[in-house]
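Below you'll find the structure, written out as structure tokens, and then a few comments.
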Amino acid sequence: MGKARIPFNWAVVLTVIISLPFAMLLGKYSLDTWISFMMWGVYFEYGAVPYNIKRIALAFPWGGLFASLWQTLALALSFKIPLFFAEIIGDIVFVSIIAYLAMVHKFTQENMLASFQGLGLVLATFFTGFYPHFSNALLLQPWLALLWATISGIFGAILGFINKTIMFEK
């Protein structure tokens, strides 16, 4: 980082103030404010440049896709087998795929942090139920969690950009 006109610590404080209303007013959905904070950190880990917003906007839902596929499979299987065993099957199928892709797929390798954050944070959103339930359709729930968590993750990257921008580097 260059010489900042506003020190980093104060830029962080100001950016948190920008996000504070979301944490306070979203009620049970405020979990996703913390998702935003995590992805704000990823923005800086990736080098704190504007391109990282796009990078996170692609990689976070990429990882989250595997969480939603896993949960869709588990919910579908739960009509025939106990949910715990359906979860194990979904884990074996979809976590093994993304873990394999982390070894051989260039995009997944280059964006592993954001991709695996997407996987874990979509699961957190789904399992807590802290996302808007726009539909009662059971098999739609993992996809609503993916949408909500992805919006939160992208917002976090934007917070990182704001944080860097308000420092007014020379």
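According to numbering that gives the first Met the number 0, numbering within the sequence shown proceeds without interruption in unit steps and concludes at 169. Beta carbons are placed, not taken as given, at the ideal position from N, Cα and C, and that holds for glycine.
Straight-line gap, residue i to residue j (C-alpha atoms, nearest Å)
{"i": "K2", "j": "F167", "result": "9 Å"}
{"i": "N110", "j": "A58", "result": "6 Å"}
{"i": "N162", "j": "V103", "result": "34 Å"}
{"i": "Y42", "j": "F154", "result": "11 Å"}
{"i": "P60", "j": "S95", "result": "17 Å"}
{"i": "F160", "j": "G46", "result": "11 Å"}
{"i": "L13", "j": "I150", "result": "21 Å"}
{"i": "V121", "j": "P81", "result": "22 Å"}
{"i": "G40", "j": "G152", "result": "11 Å"}
{"i": "I5", "j": "V15", "result": "15 Å"}
{"i": "P49", "j": "S77", "result": "43 Å"}
{"i": "T164", "j": "A10", "result": "9 Å"}
9 Å Cβ cutoff met for residue i and residue j
{"i": "L24", "j": "D31", "result": "no"}
{"i": "Q108", "j": "M38", "result": "no"}
{"i": "I34", "j": "A156", "result": "no"}
{"i": "A123", "j": "S114", "result": "no"}
{"i": "W147", "j": "T71", "result": "no"}
Exposure of residue i, with buried meaning 16 or more beta-carbon neighbours within 10 Å
{"i": "G130", "result": "First, the amino acid is wrong: residue 130 is Tyr here, not Gly. By the neighbour-count rule (16 or more Cβ atoms within 10 Å), Y130 is buried."}
Top-ranked residue by Cα proximity to residue i, from the options
{"i": "L139", "options": "A22, S67 and F93", "result": "S67"}
If we require 4 or more residues per run, which alpha helix (DSSP H) segments fall completely within the region 11-40?
For secondary structure counted as the alpha helix (DSSP H) over 4 or more consecutive residues, the region 11-40 holds no complete run.
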